[in-house]
Structures are given as C-alpha cells and as structure tokens.
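So the sequence lines, in the order shown, correspond to chains V and X. By my numbering, the letter at position 15 of the first sequence is numbered 78, and the numbering carries on one by one without gaps. By my numbering, the letter at position 74 of the second sequence is numbered 981, and the numbering carries on one by one without gaps. Please read the structure below before turning to the comments.
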Amino acid sequence: ETGVTQSPTHLIKTRGQQVTLRCSSQSGHNTVSWYQQALGQGPQFIFQYYREEENGRGNFPPRFSGLQFPNYSSELNVNALELDDSALYLCASSSVGGDEQYFGPGTRLTVT
Amino acid sequence: SQQGEEDPQALSIQEGENATMNCSYKTSINNLQWYRQNSGRGLVHLILIRSNEREKHSGRLRVTLDTSKKSSSLLITASRAADTASYFCATDTQLTFGTGTRLTIIP
C-alpha cells in the first residue's frame, strides 16, 4: 500500500454533468500526476502538477482541468461528461527529482 | 501514441516457471519503469532502469534494457500465483504506458 489516497472509490454520473475527483499525495511528495485508464488499456497521462502549477499535459481536451493545493493534494475536474469518460482515474505522486511514482487505488467513474 | 508497448498481450504459465515479457518504445528515454496492476487497482512500482544501465535485479525480478533496440524485458523467476496481474512498462516521469501484458500463473 502506498500513502496515496483517492476519493471517491466509485461514482456514477450522467452525460453532461461535471465531476471532481480528489487525491492526497504521499508525505514528502510535491508532484502529482493524473491518468485515465479505460477498460483493457494502459493508463493515459492527463496532466501533472508541481508546486501548484501544471507541469505537462497529455492529449486531453480543456474540459479536463486540475488543481494542486499548498499541501500538495490535488483535484481532477471533468466538465460536460461524455460516455467515453467512463474509466479508472489514477493519481500518482512523486518527489522532486524522483522518477518512481506511487499510485493511489483509483476512482472508477461510470458515465451513463 | 503510446511510448511503451508490451509483448505478449497475455501469458499463462505454470507456477514455478519463469515469465518473460518485453517492452518496446519509440524515442530516447532517461529511464524505463515496470509496474504491476492487480485487477483494476492502482499500479505498483516494481523496478526502474536508467538509460545508462543494461541490467538490474530486484528479488525475483530481472530487467534488461537495450537502448540500441529501444527495448526492455522483465523476467520473473520461480513464478507464484500472487504474480498473476497485468504488467506495464513506462518511460520517464510523465509516464507513457502500453496496453500491458496480462500474466496468469496456473497453480
């Protein structure tokens, strides 16, 4: 078990709604990355936050946005949900200069 | 495009046998990492190998890296039922994953 926690564990939303997912990073880690994993696929990089600033972004539309707070916890917000947004959302934390990422258990989002 | 691509997509072996899975990537890297994922849960970091390293060991795991061929392999020796999982390779810090190898260990 890593020290990374995510909430909620599962949630079901309706197409067009908005959702906020939360992540608490491991103690001492100031970098948080978010990934989307569709069923049967590998995780896809959404974006990374370092010291409350976005520090890299994958090929995701602007309706995917994030925040990092002074305590290094983070939020992923998705607006105007689409059916294809149904996936496992993973966050991972790492330390400055550290390459190893520590993943949380994920949030399973279902969009109906 | 996905940077790391694992092969095979699925592998079933008897408990006690060795399991080998491979990873190919497209561009230059600083490091390559292997992760394990059990049934829709979070990923667990297994081992990291840097671009200037050729081989690395950790317990029953052995990883090789061939930067000239842009490929890596993960060997799990003396497999156990608990090794049943999906295995992913990923490159650098903004990790780019392939679709993984689903490993099943048959007791």
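Ideal Cβ positions, reconstructed from N, Cα and C, are used throughout, including at glycine.
Item	Value
Ends of the beta strand (DSSP E) at residue 92 of chain V?	Segment: none, residue 92 of chain V is in no beta strand (DSSP E) and carries neither H nor E.
My understanding is that residue 917 of chain X touches residue 983 of chain X, with C-beta atoms under 8 Å, so please give their C-beta distance in whole angstroms.	Rounded, the Cβ-Cβ distance is 15 Å, inconsistent with contact.
Report the residue from V:112, V:173, V:122 whose alpha carbon sits nearest the alpha carbon of residue 129 of chain V.	V:112
Quick one: is the Cβ of residue 80 of chain V within less than 6 Å of any heavy atom of the ligand SAH?	Among the components of this structure there are no ligands whatsoever, and the ligand SAH is therefore not found.
Confirm, please, whether the CB-CB distance from residue 978 of chain X to residue 935 of chain X is below 7 Å.	no
Could you tell me if residue 912 of chain X is buried or exposed, where buried requires 16 or more neighbouring beta carbons within 10 angstroms of its beta carbon?	buried
Could you work out which residue in X:948, X:975, X:1011 is closest to residue 961 of chain X when comparing CA atoms only?	X:975
Quick one: does residue 950 of chain X have its CB under 7 Å from some CB of chain V?	yes
Which word fits residue 908 of chain X, buried or exposed, when buried means at least 16 other C-beta atoms lie within 10 angstroms of its C-beta?	In this prediction, residue 908 of chain X has a pLDDT of 44, which is less than 50 and means its spatial position is unreliable; what the coordinates show is noted afterwards. Exposed is the call here.
Can you tell me whether residue 170 of chain V is buried or exposed? The criterion is at least 16 other CB atoms within 10 Å of its CB, across all chains shown.	buried
Nearest CA to the CA of residue 971 of chain X: which residue from X:924, X:915, X:938?	X:938
CB-CB under 7 Å to residue 999 of chain X, same chain, minus the five flanking residues each way: which ones, in chain order?	936, 937, 938
Which of the three DSSP states is assigned to residue 950 of chain X in this structure?	strand
List the residues that DSSP assigns as beta-bridge partners of residue 171 of chain V.	V:73, V:151
Measure the alpha-carbon distance for residue 967 of chain X versus residue 126 of chain V and round it to whole angstroms.	43 Å
Where do the N-terminal and C-terminal ends of the beta strand (DSSP E) with residue 944 of chain X fall, by residue?	938-944
Listing by chain order, which chain X residues have their CB less than 7 Å from the CB of residue 167 of chain V?	949
Using the Cβ count rule (16 or more neighbours within 10 Å means buried), how would you classify residue 148 of chain V?	buried
For chain V, check one thing: does any of its Cβ atoms lie closer than 7 Å to the Cβ of residue 1005 of chain X?	yes
Looking only at C-alpha atoms, which of X:943, X:920, X:989, X:924 sits nearest to residue 1007 of chain X?	X:943
My output table needs one value for residue 999 of chain X: the three-state DSSP class, helix, strand or coil.	coil
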